[in-house]
Amino acid sequence: MTETATVRSGDRVFIDKQHPAAYRALVAAAEAVQGAAGAAGLDRTLVELINLRVSQLNACAYCLDLHTRAALRAGETTQRLGVLAAWRDTELFDARERAALALAEATTHPADAAAGTTAYADARAALTDDEISAVIWVAVTMNAFNRISVMSKHPVRKSPVPPAR
Numbered sequence: 004m005t006e007t008a009t010v011r012s013g014d015r016v017f018i019d020k021q022h023p024a025a026y027r028a029l030v031a032a033a034e035a036v037q038g039a040a041g042a043a044g045l046d047r048t049l050v051e052l053i054n055l056r057v058s059q060l061n062a063c064a065y066c067l068d069l070h071t072r073a074a075l076r077a078g079e080t081t082q083r084l085g086v087l088a089a090w091r092d093t094e095l096f097d098a099r100e101r102a103a104l105a106l107a108e109a110t111t112h113p114a115d116a117a118a119g120t121t122a123y124a125d126a127r128a129a130l131t132d133d134e135i136s137a138v139i140w141v142a143v144t145m146n147a148f149n150r151i152s153v154m155s156k157h158p159v160r161k162s163p164v165p166p167a168r
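Following my numbering, the residues of the sequence shown are numbered contiguously, the last one being 168.
Written out as structure tokens, the structure reads:
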């Protein structure tokens, strides 16, 4: 496929397919961010919670589907995934997770300066500098992927039903 080959879904251009070199660069950045997150001590379930919360805020159905499955594979529970949108209203998330989720929300909505200031202060109390940086980078890259999928209207395909046990 050439850099200018058009791939569409209805009236939308799949921008990841339209400019694959740009998309590959974002994927490479995301891989570096995943490495940084691991090196900072963020476990896979927390990274997936961040990915999911950012995707909830951005209403990205494609990324919600993808990262729900990834979170389950990483060992996250359906209970915590089910209440993630209301994480502040439950005791299912510890202080470190709460700080990371608030910081991810502040990264997603930077215009809310008061929330950002509070989130950063809470992050300083619960996370190391490396963890703070990694959380922000995870949120930044997830926001970028959300924009790609939302603007391209990437479809969510029905998953096969697993066999009953």
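Note that beta-carbon positions come from the ideal geometry of N, C-alpha and C, so glycine has one too.
Chain-order list of residues whose beta-carbon lies under 6 Å from that of residue i (same chain, five-residue window excluded)
{"i": "ALA129", "result": "ALA98, ARG99, ALA102"}
{"i": "PHE96", "result": "TRP90"}
{"i": "ALA118", "result": "ALA109"}
{"i": "TYR26", "result": "ASP19"}
C-alpha distance - residue i paired with residue j, whole-angstrom precision
{"i": "HIS70", "j": "ASN54", "result": "7 Å"}
{"i": "ARG15", "j": "THR120", "result": "37 Å"}
{"i": "GLU108", "j": "PRO163", "result": "32 Å"}
{"i": "SER136", "j": "ARG150", "result": "21 Å"}
{"i": "ALA74", "j": "LEU52", "result": "7 Å"}
{"i": "VAL85", "j": "THR48", "result": "In the sequence under discussion, the amino acid at residue 85 is Gly, which differs from the Val named in the question. If I take the Cα positions, the gap works out to 14 Å."}
{"i": "PRO158", "j": "ASP68", "result": "10 Å"}
{"i": "PRO113", "j": "PHE148", "result": "17 Å"}
{"i": "ALA28", "j": "ASP92", "result": "38 Å"}
{"i": "GLU94", "j": "VAL141", "result": "24 Å"}
{"i": "CYS66", "j": "GLU79", "result": "16 Å"}
{"i": "VAL10", "j": "ARG83", "result": "37 Å"}
Top-ranked residue by Cα proximity to residue i, from the options
{"i": "LEU87", "options": "THR111, SER58, PRO113, ALA43", "result": "SER58"}
{"i": "LYS20", "options": "MET154, ARG160, VAL159, ALA142", "result": "MET154"}
{"i": "ARG127", "options": "HIS112, LYS156, ASP68, ALA105", "result": "ALA105"}
{"i": "THR131", "options": "GLU79, ALA40, CYS63", "result": "ALA40"}
{"i": "ALA77", "options": "VAL50, ASP92, ILE139", "result": "VAL50"}
{"i": "GLY38", "options": "VAL138, LYS161, ASN146, SER152", "result": "VAL138"}
Helix, strand or coil at residue i according to DSSP, with G and I counted as helix
{"i": "VAL16", "result": "strand"}
{"i": "GLU6", "result": "Residue placement at GLU6 cannot be trusted, given a pLDDT of 45 that sits under 50; what the coordinates show is reported in the next sentence. It is coil, neither helix nor strand."}
{"i": "THR93", "result": "coil"}
{"i": "THR80", "result": "coil"}
{"i": "SER152", "result": "helix"}
{"i": "ASN61", "result": "coil"}
{"i": "THR71", "result": "helix"}
{"i": "GLY44", "result": "coil"}
{"i": "ALA118", "result": "helix"}
{"i": "SER162", "result": "coil"}
{"i": "THR111", "result": "helix"}
Same chain, Cβ closer than 7 Å to residue i, five either side skipped, listed in chain order
{"i": "GLU134", "result": "ALA43, GLY44, LEU45"}
{"i": "THR144", "result": "ALA32, ALA33, VAL36"}
{"i": "ALA64", "result": "VAL159"}
Sequence-distant residues of its chain with Cβ nearer than 8 Å to residue i (five each side left out)
{"i": "ALA124", "result": "none"}
{"i": "LEU60", "result": "GLU108, THR111, HIS112"}
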